[in-house]
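A.B. asks:
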Amino acid sequence: MSDSRPYRSVLYIPGSKDRALEKAKSLPVDAIIFDLEDAVAPDEKANARILLAETLAQSGYGQRIKLVRVNGLDTDWGADDIAAFAQSSTDALLIPKVGSAADLDAVAALAPSKDLWAMIESPAGILHAEEIAAHPKLKGFVLGTNDLAKDLGAQFRADRLPLMTSLQMTLLAARAHGVICVDGVYNAFKDEDGLRAECHQGRDMGMDGKSLIHPAQVAITNEVFAPSDADIELARHQIAAFEEAMAAGQGVAVLDGKIVENLHVATAEALLAKAAAIAELEAS
Ligand code: COA
Ligand code: MG
Numbered sequence: 019m020s021d022s023r024p025y026r027s028v029l030y031i032p033g034s035k036d037r038a039l040e041k042a043k044s045l046p047v048d049a050i051i052f053d054l055e056d057a058v059a060p061d062e063k064a065n066a067r068i069l070l071a072e073t074l075a076q077s078g079y080g081q082r083i084k085l086v087r088v089n090g091l092d093t094d095w096g097a098d099d100i101a102a103f104a105q106s107s108t109d110a111l112l113i114p115k116v117g118s119a120a121d122l123d124a125v126a127a128l129a130p131s132k133d134l135w136a137m138i139e140s141p142a143g144i145l146h147a148e149e150i151a152a153h154p155k156l157k158g159f160v161l162g163t164n165d166l167a168k169d170l171g172a173q174f175r176a177d178r179l180p181l182m183t184s185l186q187m188t189l190l191a192a193r194a195h196g197v198i199c200v201d202g203v204y205n206a207f208k209d210e211d212g213l214r215a216e217c218h219q220g221r222d223m224g225m226d227g228k229s230l231i232h233p234a235q236v237a238i239t240n241e242v243f244a245p246s247d248a249d250i251e252l253a254r255h256q257i258a259a260f261e262e263a264m265a266a267g268q269g270v271a272v273l274d275g276k277i278v279e280n281l282h283v284a285t286a287e288a289l290l291a292k293a294a295a296i297a298e299l300e301a302s
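Rendered as structure tokens:
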């Protein structure tokens, strides 16, 4: 699959829950975070590691990207988690509470062949997001907005204004270094309108997708983060209008009273590539 591979829906599954592990095989999610960290109680950590290693050794997750969220190296479980998945077929290890590029160096030394993703969920992580994004092993960010709000002392608000600087600094770092950026979870998993609004906000900011906690959140997220039929239609018209202008010896086109320049064409082409990648994924 191309670079435009979708990361619309990224579902957390507690590594200790065998029914959820099974259920995910039939859910239309783009990626799964198999969690050994905060979704697993301390007493269950060792068993969850074994269950997850056995589950992932068999296939069944198809084209879904598989990320394993290990415990941090500053805990009793981190080194064993990393060792258990260092040679696995998972796409990457997701490292919690990353505060600096050095945190990733420490993991990379234990799992040299694995790609890494980072949870950005602490003040240090936000302030060092750029060096983290620039790490040679780093492929993606997941915002940890619950931990972040806790560390900031911020209140949860529907407009997420208290988190906005952090969200945008993370996105800036991701875009500066060409890595994926997945938005934080929406806690009220039965509130569809609230989820939809937060998905729209994240999408409009430029997030690639949203991390999810429950299967009921998948359909809305997939819909909002996919180009709509109207988006696709507009992109095609922009490309056609620009080509026509070029053929007439002009560098700029006008479509419905708005200018279309080559940069708009690049955006339109990226949108069509993303739509094609989603169609390819959904057909498989
Ligand atoms: N992934 C896959 N399947 C899930 C799931 C998930 N995250 N959450 C629930 N399911 C499954 C359940 O196993 C159940 O399937 P079953 O009928 O085959 O047993 C079905 O979806 C319905 O679940 P439901 O009864 O509505 O939810 P619950 O009350 O069992 O669990 C939560 C609610 C929030 C505890 C649960 O969704 C969860 O653990 N989510 C992940 C939390 C997490 O990972 N947090 C860390 C990151 S923030
Ligand atoms: Mg966290």
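When we follow our numbering, the leftmost residue of the sequence shown carries the number 19, and every step to the right adds one. From the three backbone atoms N, C-alpha and C, an ideal C-beta is built for every residue, glycine too.
1) Which word fits glutamate 72, buried or exposed, when buried means at least 16 other C-beta atoms lie within 10 angstroms of its C-beta?
2) Who are the Cβ neighbours of glutamate 13 in its own chain at under 6 Å, not counting the five residues just before and after it?
3) Is the stretch 95-106 in contact with the stretch 155-166, if contact means three or more CB pairs nearer than 8 Å?
4) On the three-pair Cβ rule with 8 Å, is the stretch 221-235 touching the stretch 256-269?
5) From proline 46 to glutamate 298, what does the alpha carbon distance come to, in whole angstroms?
6) Quick check on the DSSP output: the alpha helix (DSSP H) that includes phenylalanine 260 runs from which residue to which?
7) If you measure from the CB of glycine 162, is any heavy atom of the ligand MG nearer than 6 Å?
8) Under a Cβ-count criterion, where at least 16 other Cβ atoms within 10 Å of its own Cβ denotes burial, should phenylalanine 174 be classed as buried or exposed?
9) Under 7 Å, do leucine 39 and isoleucine 51 count as touching if we go by C-beta distance?
10) Name the two residues that bound the continuous alpha helix (DSSP H) containing methionine 137.
11) Taking the alpha-carbon positions, what's the aspartate 123 to alanine 293 distance?
12) For aspartate 53, does the count of other Cβ atoms within 10 angstroms reach 16, so buried, or fall short, so exposed?
13) How close, in whole Å, do the beta carbons of glycine 303 and asparagine 89 come, if the pair is a contact with beta carbons under 8 Å?
14) At a cut-off of 6 Å, is valine 58 close to the ligand COA when judged by its beta-carbon and the heavy atoms of the ligand?
15) Quick one: Cα of leucine 179 to Cα of glutamine 105, how far?
16) Less than 6 Å separating the Cβ of tyrosine 30 from some heavy atom of the ligand ZN?
17) Between which two residues does the beta strand (DSSP E) containing glycine 227 stretch?
18) If you draw a straight line from the alpha carbon of valine 200 to that of glutamate 262, how long is it in whole angstroms?
19) Let's see if you can read the secondary structure: which residues bound the alpha helix (DSSP H) around aspartate 98?
20) Which residues mark the beginning and the end of the alpha helix (DSSP H) in which serine 77 is found?
21) Quick check on DSSP: helix, strand or coil for proline 180?
22) Determine the DSSP secondary structure at valine 58, reduced to helix, strand or coil.
C.D. replies: Considering the structure as presented:
1) Within the sequence shown, residue 72 is the residue found at index 54, counting from 1. Exposed, by the Cβ-count rule.
2) Because the chain here runs from 19 to 302, residue 13 falls outside it and cannot be looked at.
3) At 8 Å Cβ cutoff, the stretches do not touch.
4) They do not touch, by the three-pair rule.
5) On the sequence shown, residue 46 is found 28 positions in, with the first residue counted as 1. On the sequence shown, residue 298 is found 280 positions in, with the first residue counted as 1. Taking the straight line from one Cα to the other gives about 13 Å.
6) As a working mapping, residue 260 is identified with position 242 in the sequence shown. Unbroken alpha helix (DSSP H) run through phenylalanine 260: 247-265.
7) By one-based count along the sequence shown, residue 162 stands at place 144. Result yes, Cβ under 6 Å from the ligand MG.
8) As a working note, residue 174 is residue 156 in the sequence shown. The residue in question, phenylalanine 174, is exposed, as its Cβ has fewer than 16 Cβ neighbours within 10 Å.
9) Here residue 39 corresponds to residue number 21 of the sequence shown, with the count starting at 1. Here residue 51 corresponds to residue number 33 of the sequence shown, with the count starting at 1. Against a cut-off of 7 Å, the Cβ pair of isoleucine 51 and leucine 39 comes out as no contact.
10) If you number the sequence shown from 1, residue 137 lands on position 119. Methionine 137 -> not in any alpha helix (DSSP H); beta strand (DSSP E) instead, spanning 133-138.
11) Start at 1 with the first residue of the sequence shown, and residue 123 comes out as number 105. Start at 1 with the first residue of the sequence shown, and residue 293 comes out as number 275. About 35 Å.
12) For the purposes of this step, residue 53 is identified with residue 35 of the sequence shown, where counting begins at 1. Aspartate 53 should be labelled buried.
13) Any property of residue 303 remains undetermined from this structure, which presents the chain solely from 19 to 302.
14) Taking the sequence shown and counting its residues from 1, the one referred to as residue 58 is at position 40. No - the ligand COA has no heavy atom lying nearer than 6 Å to the Cβ of valine 58.
15) As a working mapping, residue 179 is identified with position 161 in the sequence shown. As a working mapping, residue 105 is identified with position 87 in the sequence shown. Cα-Cα distance, rounded: 41 Å.
16) No copy of the ligand ZN appears in this structure; the ligands present are the ligand COA and the ligand MG.
17) Counting from one through the sequence shown, the residue named residue 227 turns up at place 209. Per DSSP, glycine 227 belongs to the beta strand (DSSP E) from 227-230.
18) Counted from its first residue, the sequence shown places residue 200 at position 182. Counted from its first residue, the sequence shown places residue 262 at position 244. About 37 Å.
19) Counted from its first residue, the sequence shown places residue 98 at position 80. Per DSSP, aspartate 98 belongs to the alpha helix (DSSP H) from 96-103.
20) Position 59 of the sequence shown, counted from the first residue, corresponds to residue 77. Taken as a continuous stretch (DSSP letters only), serine 77 belongs to no alpha helix (DSSP H), as it is neither H nor E.
21) Here residue 180 refers to the residue found at position 162 when the sequence shown is read from its first residue. Correct three-state label for proline 180: helix.
22) Reading the sequence shown from its first residue, position 40 is the one you call residue 58. Of the three classes helix, strand and coil, the one that applies to valine 58 here is coil, per DSSP.
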